[in-house]
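Asker: Questions regarding the structure given below will be posed in turn.
Residue numbers (the working numbering): 4 to 272.
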């Protein structure tokens, strides 16, 4: 759970229902620059099945937060909830504005871009056409053209293949395209769902280095769901560990990375 501004708190967490025993108290300090995203008491469900149970978490302005946990913990649902893609209760606040209850397109126009698991590229369209689709909410055509060059600077392989159909790209290149298309929205908050899935280790390492560069150069805040906990904790500044839709442990990524009990019990390494 996230600490309130100006206050530190121990981040081990027992769910309100009493389920789950914290493995370790990991110290969390309040972000000094303020939060872009604040989520409070988030519940989400599919039909009659409740998947998230009162989550509290935040993403710093210009920061990277990672959400970790086993399959079925509720990680992907958390991202879908922020995007308005599932039924929710609770508060989701972006830059001081409530976005819970808004349609997904409105949330996108407010600066939230989602890179889903499975990438979601248009396989029969070229790389360049996919990127233009990413900029569909924008009317600043000169800046859009400049952003093509900026993004090709991050992903030079896409520039080389800009006239190829997305379906002819490798898995790593398709993931780069999915991220690039989201960046064409010029987001304030980038949601990344399992970006390393199915990719070779060298490609994953390259991709995460680019994420860091994008965050540092462009100041884009990121909310990362990732199966590779070790890599995610090296990239992020804050982390939340979910189990059955509840936050079990939260804190700075460094403190969780250095806590052997948490790593053994929750992260498996």
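Virtual Cβ for every residue (Gly too), placed ideally from N, Cα, C.
Count the CB pairs spanning the segment 78 to 95 and the segment 249 to 264 that are closer than 8 Å, and state whether there are at least three.
Answerer: As far as the Cβ criterion goes, the segment 78 to 95 does not touch the segment 249 to 264, which means the pair count is below three.
Asker: Could you please give me the residues that DSSP links to residue 54 through a beta bridge?
Answerer: Answer by DSSP bridge pairing: none, since residue 54 is not bridged.
Asker: Is the separation between the beta-carbon of residue 126 and that of residue 154 shorter than 8 Å?
Answerer: Against a cut-off of 8 Å, the Cβ pair of residue 154 and residue 126 comes out as no contact.
Asker: To the nearest whole angstrom, what separates the beta carbons of residue 141 and residue 189, a pair I think is in contact under 8 Å?
Answerer: Correct: roughly 7 Å between the Cβ atoms.
Asker: Rounded to whole angstroms, what is the Cα-Cα separation between residue 65 and residue 171?
Answerer: If I take the Cα positions, the gap works out to 34 Å.
Asker: With DSSP as the reference, label residue 232 as helix, strand or coil.
Answerer: Note: residue 232 maps to helix in three-state DSSP.
Asker: Between residue 129 and residue 165, what straight-line distance do the alpha-carbon atoms span, to the nearest angstrom?
Answerer: Rounded to the nearest angstrom, the two C-alpha atoms are 6 Å apart.
Asker: Alpha carbon to alpha carbon, what distance is there between residue 174 and residue 61?
Answerer: One C-alpha to the other measures close to 31 Å.
Asker: By the DSSP assignment, the alpha helix (DSSP H) with residue 183 in it spans what residues?
Answerer: Note, residue 183: alpha helix (DSSP H), 174 to 186.
Asker: CB-CB under 8 Å to residue 160, same chain, minus the five flanking residues each way: which ones, in chain order?
Answerer: So the list reads 176 and 179, once near-sequence residues are dropped.
Asker: Using a Cβ cut-off of 8 Å (strictly closer), state whether residue 182 contacts chain C.
Answerer: In summary, chain C is missing from the structure at hand, where a single protein chain is found.
Asker: How many Å lie between residue 267 and residue 259 at the Cα?
Answerer: Each residue's Cα considered, the two are about 11 Å apart.
Asker: Should residue 84 be labelled buried (16 or more other beta-carbon atoms within 10 Å of its own) or exposed?
Answerer: Residue 84 should be labelled buried.
Asker: DSSP puts residue 253 in a beta bridge; with which residues?
Answerer: Residue 253 is bridged to 243.
Asker: Taking one C-beta from the segment 67 to 82 and one from the segment 235 to 244 each time, how about it: are there three or more such pairs within less than 8 Å?
Answerer: In short, these stretches touch, since the Cβ pair count reaches three.
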